[in-house]
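Peer 1: Quick one: this structure, given as C-alpha cells, is what I'll be asking you about.
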Amino acid sequence: MGNAISVQELHFTYPSQNGGNPHPVFDGLNVNIEEGSFVAVLGHNGCGKSTLTKQCNAILLPEGGSVSVFGMDTKDEALLLEIRRTVGMVFQNPDNQMVANVVEEDVAFAPENLGVPSEEIRRRVDNALRAVGMYDYRTHAPHLLSGGQKQRIAIAGVIAMQPRCIVLDEPTAMLDPHGREDVMRTIETLNRENGITVILITHHMTEAIRADRVIVLQEGRILTDGTPKQVFTQVELLKSAGLDVPATTQIIHELNEAGFDLPPDALSTEECAQALYSRFTAKA
Amino acid sequence: MAAIIEVRDLCHTYSVGTPFEHDAIKHMDFAVEKGEFLGVIGHTGSGKSTLIQHLNGLLKPTCGDVLLGGESIWKDKQTTRRARFRVGLVFQYPEYQLFEDTVFRDIAFGPKNMGLSEPEIKERVLRAADFAGVNPASLDKSPFDLSGGQKRRVAIAGVIAMEPEIVVFDEPTAGLDPAARSSLLENIGAYQKATGATVLMVSHSMDDVAMMADRLLVLNEGQIEMLGTPAQVFENAERLQQIGLTVPQVTSLFLRLHELGLPVDPATYTVEGALKQLLRLKGGA
C-alpha cells in the first residue's frame with residue numbers, strides 16, 4: 007500500500023509574536039504514514055505534534071520541504087478542498103466542534119458544504135452515526151449529550167465527508183474513562199473495518215499501545231518510531247523525553263533491573279500477568 | 109481530627125418545574141477531615157461538578173446543608189461571603205479565566221477583593237506564584253503570552269493567593285503531558301504539606317487520585333457509591349467498571365495475578381507497592 011501522508015524535509019517556524027523570537031518547530035522532518043495504518047503520535051507539549059497534524063490537511067503549509075497527502079502536494083492551492091476532504095480532523099474539546107442544534111444536522115454540516123446531493127447526505131449521515139454507535143441519538147440536541155457522546159458526534163461529522171484519513175488531536179483529554187473507551191473503540195473500528203488511516207495524538211500511553219505504530223516526537227525530531235512493543239521497551243529513553251511508560255512496562259523494567267529475566271515487551275495487562283505468573287510459579 | 113467540611117443530606121435539582129428537571133445530587137452525606145486529601149471520582153454527569161459548587165456556596169442546596177468548621181455556610185450573608193474565600197475553587201481549564209494584563213495583577217485579583225494592604229497583596233502573590241510553579245520572570249508579562257501549562261499555573265496561583273483553608277481542583281491535569289502532569293501534582297502535594305490546607309481533587313485519572321489521595325469519594329448518579337482509602341475503593345474493580353470508571357493499570361494487573369493464584373494483594377494501586385510485593389515474593393520462593 008502507498009503512503010497516506012508523506013512528509014519530506016519539512017521545515018516550519020512560527021512567526022514571532024509580540025516582538026518575541028520566531029519559534030522554529032521542524033528543521034528537516036521526514037516521516038511517512040502508510041495508508042490503512044493506525045499511528046499514535048506521542049511527545050510532550052510543544053514537541054510539534056499539533057503542528058504536524060495541521061500540516062496534514064494544509065491548515066499550515068511547509069516553509070521548506072513538502073507534505074503530500076495521498077500524493078497531493080499541500081502547497082498546491084488548487085488541491086486544497088480535495089485535501090481537506092481527504093483528511094478529517096477531530097480536536098480535543100467536543101463543545102468547540104458542534105455547529106447545529108440537532109445531532110443529525112451537525113453531522114450533515116460538512117457534506118452540505120461540499121455540495122453533496124441531499125439523498126446522498128441522508129445516506130452518509132445515517133451511516134456515519136451508525137459507525138460511531140450514535141444512530142439512536144440522531145434527533146437529540148448535542149449539548150445534552152455526554153462528552154464522549156459529543157466527541158463521537160464530532161467523529162461522525164468527519165466520517166460523513168468520507169475521508170481516507172482521520173487525524174485526532176487528543177480526542178479523549180476531556181472525557182471520563184467510559185467516554186474514552188467509547189471513542190477508542192470507534193477509532194479502532196473505523197481503522198480495521200473501514201480501512202481509514204488513523205493518526206492519533208495522545209498523552210495516554212494506554213491508548214498508544216492500541217496503535218499499530220507509535221511515533222515519539224521531541225523538539226520537532228523523531229525520537230523513536232516503531233511498534234508499541236519496540237517503543238515502550240525503551241523505558242529510559244521515554245522517561246528522558248518526559249513521557250510515561252505503561253505501568254506494566256515499568257514494573258517489568260524495574261524487576262529486570264533487580265535481576266529478573268522477564269520479557270520486556272509484555273505490554274498488555276494480560277501478557278504481563280502471564281509473564282509474572284509463569285516466572286513466580288516456575289521458581290516455586 | 110475535626111471535620112472541616114460536612115455535607116448533610118445534600119440535594120440539588122436543576123431546572124425545577126421544567127421538563128428538564130433533573131436531580132443532580134440526591135441526599136448526599138459525608139465529611140472531610142482538616143488537612144485531608146480527598147479524591148473525587150465518578151463518570152460524566154455523576155454530580156461531581158454540582159457537588160463542588162456547593163462547597164463555597166456557588167450553588168444553593170435544594171435540600172440539606174453544607175457546614176464549614178461546624179457552621180452552615182447559609183447562616184447569613186456574611187458567612188456565605190466568607191465561605192467564598194475559605195474554599196478556593198480551581199475550575200477545569202482555569203487558564204480560560206485569566207483576564208488581567210499582567211500575571212502579577214491576575215494573581216493579585218483575589219487578595220485585592222479581600223481588601224488586603226498592598227504589601228500583603230504583594231507578599232501573597234509572590235508566595236502563591238512560587239507554590240504554583242509560576243516562573244518569577246513572567247510576573248510582569250501578559251498571561252496570554254505564556255504556554256498553556258504556565259497559564260494554568262497562574263490561574264491556580266490566583267486561587268491559592270487568597271490562602272483558602274480548602275482548595276478544590278476540578279481536573280487540574282486534563283490535557284497536560286505526563287511531565288507537566290507529575291510536576292503540577294508535585295506542586296499541589298507540596299502546597300498541601302506546607303500549608304496544611306485541605307485539598308479536594310476531582311479527576312478522571314485513577315492513577316492521579318491513587319497517587320495523591322488519602323481517601324476517595326466515588327459518585328454515581330448523584331449519590332455516594334463508595335468512600336474509603338484508595339486500597340478499599342480499588343478492591344471493587346468490577347463495581348467501578350459497572351459505573352463507568354476504571355482502576356489503575358497496576359490494580360488490574362494485581363487482580364489478575366490474584367485470580368491466577370499468586371499470593372498478592374489485589375488492592376495494589378501503585379508501581380512502588382507492586383514492586384515491593386513482587387520482590388518479597390521472589391525472596392520467599
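Protein sequence lines, in the order shown, are assigned to chains A and B. Add 6 to the 1-based position in the first sequence for this note's numbering, that's all there is to it. Add 108 to the 1-based position in the second sequence for this note's numbering, that's all there is to it. We treat Cβ as the ideally placed atom computed from N, Cα and C, and that holds for glycine.
#1: Could you say if the segment 168-188 of chain B and the segment 256-266 of chain B meet the contact criterion of at least three C-beta pairs nearer than 8 angstroms?
#2: Sort out for me which residues DSSP pairs T203/A with in a bridge.
#3: Would you mind telling me which residues of chain A sit closer than 7 angstroms to T354/B, beta carbon to beta carbon, in chain order?
#4: From T354/B to P28/A, what does the alpha carbon distance come to, in whole angstroms?
#5: Does D315/B come within less than 9 angstroms of chain A when only Cβ atoms are used?
#6: Since S246/B meets chain A, which of its residues come closer than 8 angstroms, beta carbon to beta carbon?
#7: Look at the alpha carbon of A139/B and the alpha carbon of K235/A, and state the distance between them as a whole number of angstroms.
#8: Kindly indicate if chain D contains any beta-carbon less than 9 angstroms away from that of L327/B.
#9: If you reduce the DSSP assignment to three classes, tell me which class L67/A lands in.
#10: With respect to 8 angstroms, is the separation between the Cβ of V13/A and the closest non-hydrogen atom of the ligand NAP below this value?
#11: What are the boundary residues of the alpha helix (DSSP H) that includes K220/B?
#12: Would A287/B pass as an interface residue toward chain A - the criterion being a Cβ-Cβ separation below 9 angstroms?
#13: Closer than 8 angstroms is the cut-off here; do at least three beta carbon pairs connect the segment 305-313 of chain B with the segment 234-248 of chain B?
#14: Can the beta-carbon of A264/A be found closer than 9 angstroms to that of L197/B?
#15: Tell me which residue opens and which closes the beta strand (DSSP E) that L325/B is part of.
#16: Which residue from K142/B, P227/B and L118/B puts its Cα closest to that of D131/B?
#17: Contact check, V173/A vs C62/A under 8 angstroms by CB: the rounded distance?
#18: Below 9 angstroms between beta carbons is the criterion; list the residues of the segment 87-118 of chain A that meet it against any residue of chain B, in chain order.
#19: Where does Q350/B fall in DSSP's three states?
#20: DSSP puts E179/B in a beta bridge; with which residues?
#21: So what's R364/B in DSSP terms, helix, strand or just coil?
#22: Mapping the DSSP letters down to three states, classify E294/B as helix, strand or coil.
#23: Can you give me the C-alpha to C-alpha distance between E273/B and K142/B, rounded to a whole angstrom?
#24: Quick one: what's got a C-beta closer than 7 angstroms to N344/B's C-beta in the same chain, skipping five residues either side?
#25: Would a C-beta distance cut-off of 9 angstroms place D33/A and R158/A closer than the cut-off?
#26: State the beta-bridge partners of F277/B as determined by DSSP.
#27: Less than 6 angstroms between C-beta atoms, sequence neighbours within five positions excluded: which residues of the same chain meet that for L244/A?
#28: Flag Q357/B as yes if its beta-carbon sits less than 9 angstroms from any beta-carbon of chain A, otherwise no.
#29: Buried or exposed: E126/A, going by 16 or more other Cβ atoms within 10 Å of its Cβ?
#30: Determine the burial state of V115/B: buried for a count of at least 16 other Cβ atoms within 10 Å of its Cβ, exposed for fewer.
#31: Under a Cβ-count criterion, where at least 16 other Cβ atoms within 10 Å of its own Cβ denotes burial, should R189/B be classed as buried or exposed?
#32: In the DSSP assignment, the alpha helix (DSSP H) including D132/A goes from what residue to what residue?
#33: When the Cα of P169/A is compared with those of I89/A, G153/A and M104/A, which residue comes out closest?
#34: DSSP state of S74/A, grouped into three classes?
#35: Output, in sequence order along the chain, the residues in the segment 238-264 of chain A whose CB is closer than 7 angstroms to any CB in chain B.
Peer 2: In short:
#1: no
#2: C171/A
#3: P183
#4: 43 angstroms
#5: yes
#6: Ordered by position in chain A, no residue passes the 8 angstroms Cβ test against S246/B, which lies about 12 angstroms from the chain.
#7: 45 angstroms
#8: The structure shown contains no chain D; its protein chains are A and B.
#9: coil
#10: Ligands displayed in this structure: none; no statement on the ligand NAP is therefore possible.
#11: V211 to N221
#12: yes
#13: no
#14: no
#15: R323 to N328
#16: L118/B
#17: 5 angstroms
#18: Q98 and N99
#19: helix
#20: L176/B
#21: helix
#22: helix
#23: 9 angstroms
#24: M334
#25: no
#26: V198/B and M309/B
#27: V251
#28: yes
#29: exposed
#30: buried
#31: exposed
#32: S124 to A137
#33: I89/A
#34: strand
#35: G248, L249, D250, P252, A253, T254, Q256, I257, E260, L261 and A264
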